[in-house]
RNA sequence: GUCCCCAUCGUCUAGCCCGGUCCAGGACACCGGCCUUUCACGCCGGCGACGGGGGUUCAAAUCCCCCUGGGGACGCCA
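Here it is as C-alpha cells:
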C-alpha cells in the first residue's frame with residue numbers, strides 16, 4: 001500500500017470550530033495510524049474574508065489539541081501562479097472557456113431553472129462562443145453534458161450524480177482569483193493527497209471536483225465524507241448552540257485530550273469503549289468504525305468525558321492550570337506544592353478546570369478574606385457547638401502530627417471522651433474552614449490547609465460568633481469581609 | 001423547488017457487511033439504592049430505541065422496495 005497523505009484545509013474566515021476540529025482529527029488520526037503524512041493548508045483564496053488573525057487562531061487551536069502537521073501550513077494565496085497555470089491548460093485544451101455573463105444574468109438563469117422545476121444553474125450561454133479574456137469575464141469549466149459522474153466514498157459507499165444536474169461552474173473569478181473547487185483540486189493533486197476526509201456537506205460538490213480531476217488529468221484520491229455535527233435542535237452547529245471555537249473550550253476548562261476523546265466518539269466507535277487517550281486513538285482508529293449519520297453535540301457528555309480525564313491526570317499535571325486560573329481570578333499567589341496537594345482532593349469533584357479553580361478558592365484565600373454567609377453561621381453554630389469547637393481548637397494547636405490520620409485519631413478521641421457523634425461537628429467545622437456547606441473530606445482538607453490555616457479560621461469564626469452573639473440568637477451586621 | 005446523503009433508547013453508539021446467539025448491549029443524562037462528615041467519586045438497580053408499510057426467508061434491527069422524517073448542497077464562500 002502506498003503512503004497515505006491527508007490534509008486539513010481550514011479557511012481563515014473564522015476560528016477553528018468543533019466541526020472543523022473533528023475533521024482535522026479524523027485526517028490526523030488516519031495519517032498517524034497509517035504512518036502517513038498530515039498536511040495543513042490554509043485556504044485563503046477569499047481575500048476579502050480571510051484574516052491573519054484567524055489563521056493564527058486556527059494554528060493555536062490545532063497546536064493546543066496536539067494535532068501536529070508534517071507539512072505546511074501552505075497558503076493558497078501564495079500559490080496563485082499554480083492555479084493560473086492549470087486554468088490556462090484547461091483553456092488551451094478546450095476544457096474551460098471564458099464567460100461574459102454578469103452575476104445578475106446568471107442569477108436570472110437560475111431563477112428560470114427553478115421555475116421550471118429544475119436545479120438552479122448556469123445555462124452555458126457562453127460555452128461555445130469561444131470568447132477570449134476581457135474585463136469582467138470569468139473562466140468556467142466545460143462540464144460534460146450527459147452521463148454520470150461517479151466516485152467511491154470511503155464512508156458512504158458508491159455515489160453517482162447525473163451530469164445534467166451540474167453546470168459549468170466557475171474556475172476563475174472576474175478578479176482573476178481561483179475559486180475553491182479549482183484550488184482544492186489543484187492543491188490536492190499537486191500535494192499528492194491520497195485521501196480526503198471532510199464533512200459531508202461537501203459531498204454534493206465532490207462530483208464537480210471529480211470532473212476537474214478528470215479534465216486536468218490527475219489521478220483521483222479517495223474521498224470519505226464524515227457526517228456532520230448538529231446542534232441540539234438538529235440544525236447545523238452554530239453560535240446559537242453556545243461555544244463554537246475550540247479555543248473557547250480551552251478557556252472554559254476542557255482538557256485537549258478530553259475534547260478529542262469526545263469528538264472522536266461523535267461518529268466513531270471502538271466497541272463499547274468510551275474513554276481514550278490520544279495515543280491509543282492513533283493505534284485504534286479506523287475508517288471502518290465511522291458512522292454515516294449526523295450526530296448531535298451534547299455538552300453533558302463532553303463534561304463527563306472531561307471529568308474522567310481530569311481524574312486520570314497526575315496532580316502535578318493539573319497544578320499549573322490551577323495556578324494560572326487562580327491568578328486570573330485575582331487571588332493571591334499560592335505555591336506550587338500547595339496547589340499539588342489541593343488538586344487530588346478536587347479531582348473527583350470537578351468536571352472542568354474552571355470548576356477546579358472555583359472549588360480551590362477557599363484553599364487559596366487568606367484566612368482573613370474568607371467570607372461567611374450570615375445564615376450559615378446562624379444555622380450551624382449553637383452555644384453547645386461553639387463550646388466543643390473551642391476545646392477542639394485547643395487540641396488542634398497541640399496536635400503533634402497534623403496529618404489526615406493524626407487528625408482522625410484526635411477527633412475520634414475527642415468525640416469519644418464527650419460521647420458525641422462526628423455528625424454534630426462536621427458541618428460547623430467545614431463551614432468554619434471553607435465557608436461552604438460542601439467540600440472535600442474534612443480530614444484531608446485540614447491536612448492540606450495545614451495547622452495554621454485551620455486554627456486561624458476556627459478561631460476567627462469563634463471570635464466572629466462571640467462578637468456578634470450569633471449563637472445566642474442575636475446577630476450583628478456582617479461577618480468577614 | 002431540484003439533486004444528494006442519512007435513519008437503533010432524549011443524546012453518543014454496539015449489533016447490520018457474513019439474517020437465527022438480540023423480547024437489542026454499552027455510555028451520557030435522568031430516577032432509585034448503597035457507601036458516607038458534606039459535596040462529589042465509585043458501586044448496584046431502574047427508565048428508555050430497531051420511524052412506518054410492503055416484500056424476500058423457516059427466520060429480519062440485519063437483505064430489497066416504497067413512504068415518512070432529518071440533514072446537506074444548489075455562490076464570481078469555503
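Numbering (the working numbering), first residue to last: 1 to 481. Heads up, the beta-carbon is just placed ideally off N, CA and C, and yes, glycines get one too.
First and last residue of the uninterrupted alpha helix (DSSP H) at residue i
{"i": "residue 23", "result": "18-33"}
{"i": "residue 178", "result": "Counting along the chain, residue 178 falls outside any alpha helix (DSSP H), and DSSP gives it neither H nor E."}
{"i": "residue 82", "result": "80-92"}
{"i": "residue 326", "result": "315-328"}
{"i": "residue 362", "result": "353-364"}
{"i": "residue 134", "result": "Looking at the DSSP string, residue 134 is not in any alpha helix (DSSP H), and its letter there is neither H nor E."}
{"i": "residue 55", "result": "52-65"}
{"i": "residue 377", "result": "374-380"}
{"i": "residue 247", "result": "246-251"}
Whole-Å CB distance - residue i paired with residue j, under 8 Å assumed
{"i": "residue 150", "j": "residue 98", "result": "Not confirmed; about 29 Å, so no contact."}
{"i": "residue 230", "j": "residue 316", "result": "In fact, because the Cβ distance is near 39 Å, the residues do not count as touching under 8 Å."}
{"i": "residue 249", "j": "residue 259", "result": "6 Å"}
{"i": "residue 54", "j": "residue 14", "result": "6 Å"}
{"i": "residue 451", "j": "residue 396", "result": "7 Å"}
{"i": "residue 171", "j": "residue 154", "result": "Wrong, their Cβ atoms sit about 26 Å apart, outside the cutoff."}
{"i": "residue 483", "j": "residue 345", "result": "The structure shown does not extend to residue 483, since the chain spans only 1 to 481, so no value can be given for it."}
{"i": "residue 23", "j": "residue 197", "result": "7 Å"}
{"i": "residue 432", "j": "residue 461", "result": "4 Å"}
{"i": "residue 239", "j": "residue 296", "result": "16 Å between Cβ atoms; not a contact."}
{"i": "residue 215", "j": "residue 95", "result": "4 Å"}
{"i": "residue 278", "j": "residue 332", "result": "Contact doesn't hold; Cβ gap of about 35 Å is too wide."}
{"i": "residue 436", "j": "residue 381", "result": "Not quite, the Cβ-Cβ distance comes to about 15 Å (not below 8 Å), so this is no contact."}
As assigned by DSSP and simplified to three states, the class of residue i
{"i": "residue 122", "result": "coil"}
{"i": "residue 288", "result": "helix"}
{"i": "residue 479", "result": "Legend: pLDDT at residue 479 = 41, less than 50; position of this residue unreliable, value from coordinates given subsequently. In this structure, residue 479 counts as coil in the three-state DSSP scheme."}
{"i": "residue 391", "result": "helix"}
{"i": "residue 232", "result": "coil"}
{"i": "residue 114", "result": "helix"}
{"i": "residue 39", "result": "strand"}
{"i": "residue 304", "result": "helix"}
{"i": "residue 405", "result": "helix"}
{"i": "residue 473", "result": "Residue placement at residue 473 is poorly supported in this model, since its pLDDT is 41, which falls under 50; the coordinates are not used for a value here."}
{"i": "residue 275", "result": "coil"}
{"i": "residue 269", "result": "coil"}
{"i": "residue 451", "result": "helix"}
{"i": "residue 430", "result": "helix"}
{"i": "residue 172", "result": "strand"}
{"i": "residue 204", "result": "helix"}
{"i": "residue 11", "result": "coil"}
{"i": "residue 334", "result": "coil"}
{"i": "residue 420", "result": "coil"}
Boundaries of the beta strand (DSSP E) in which residue i is found, first to last residue
{"i": "residue 223", "result": "222-226"}
{"i": "residue 153", "result": "148-153"}
{"i": "residue 218", "result": "Segment: none, residue 218 is in no beta strand (DSSP E) and carries neither H nor E."}
{"i": "residue 97", "result": "96-99"}
{"i": "residue 139", "result": "138-141"}
{"i": "residue 158", "result": "157-162"}
{"i": "residue 550", "result": "What is shown of the chain runs 1 to 481, which leaves residue 550 out entirely."}
{"i": "residue 71", "result": "71-75"}
{"i": "residue 237", "result": "Careful: residue 237 lies outside any beta strand (DSSP E) and carries neither H nor E."}
{"i": "residue 8", "result": "5-8"}
{"i": "residue 198", "result": "195-199"}
Distance cut-off 7 Å: residue i Cβ against heavy atoms of the ligand ATP
{"i": "residue 413", "result": "What this structure holds is no ligand at all, so the ligand ATP is not there to describe."}
- Determine, using beta-carbon pairs with one atom in the segment 398-410 and one in the segment 373-380, whether at least three such pairs fall under 8 Å. In short, these stretches do not touch, since the Cβ pair count stays below three.
- Would the segment 236-256 and the segment 351-360 be scored as touching if the rule is three or more Cβ pairs under 8 Å? Yes, the segment 236-256 touches the segment 351-360.
- Message: Pairs of beta-carbons, one from the segment 56-69 and one from the segment 159-179, closer than 8 Å: are there three or more?
- Response: Touching, no.
- Message: Three or more C-beta pairs under 8 Å: does that hold for the segment 182-189 against the segment 100-118?
- Response: Segments in contact, no.
- Query: Do three or more CB pairs link the segment 277-286 to the segment 84-91 at distances below 8 Å?
  - Reply: Two segments are said to touch when three or more pairs of C-beta atoms, one from each, lie closer than 8 Å; by this definition the segment 277-286 does not touch the segment 84-91.
- Should the segment 263-275 be called in touch with the segment 211-224, which here means at least 3 C-beta pairs below 8 Å? With the cut-off at 8 Å, the segment 263-275 and the segment 211-224 do not touch.
- Inter-stretch contact at 8 Å, needing at least 3 Cβ pairs: the segment 201-209 / the segment 65-80: In short, these stretches do not touch, since the Cβ pair count stays below three.
- When the Cβ atoms of the segment 99-112 are set against those of the segment 120-138, are three or more pairs found closer than 8 Å? The segment 99-112 is in contact with the segment 120-138.
- Message: Can you confirm whether the segment 419-437 touches the segment 332-348 when touching is taken to mean that 3 or more C-beta pairs between the two stretches lie within less than 8 Å?
- Response: Output reads no: the segment 419-437 does not touch the segment 332-348.
- Message: Is it the case that the segment 286-302 contacts the segment 321-332, given that we only count it when at least three CB pairs across the two stretches are under 8 Å?
- Response: Two segments are said to touch when three or more pairs of C-beta atoms, one from each, lie closer than 8 Å; by this definition the segment 321-332 does not touch the segment 286-302.
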